[in-house]
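Numbering (this note's numbering), first residue to last: 688 to 773.
Here's what the structure looks like:
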């Protein structure tokens with residue numbers, strides 16, 4: 688004989704974090720968005736803001752470094768982003 692036991696699942700609360708241009712972002716136009724295997728969110732700016740990496744808490748920017756052109760971005764205008772898998 689079976690019994691009926693209701694099971695209730697509670698999903699974790701969803702949190703949203705708004706990135707504001709006046710405080711953190713160098714550009715208002717982000718056309719490229721990708722997530723890598725480590726969970727980082729990458730934003731690519733079409734209008735000169737470079738690339739940003741967001742880990743859920745901190746935003747790190749990557750832009751042209753004129754003193755180190757071999758190791759920096761070739762342009763701050765990013766049309767596409769691709770994060771390959773492992």
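Each residue gets a CB set at the ideal place from its N, CA and C atoms; glycine is no exception.
Asked                                                                                                                                                  : Found
With a CB to CB cut of under 7 Å and the five nearest residues on each side skipped, what residues in its chain are close to residue 772?              : 724
Check whether the Cβ atoms of residue 765 and residue 738 sit closer than 8 Å, and answer yes or no.                                                   : yes
I'd like the list of long-range same chain contacts for residue 740, defined as Cβ closer than 6 Å, with 5 residues on each side in sequence excluded. : 727, 729, 747
Please classify residue 749: does DSSP put it in a helix, a strand, or coil?                                                                           : strand
How many angstroms separate the CA atom of residue 769 from the CA atom of residue 721?                                                                : 7 Å
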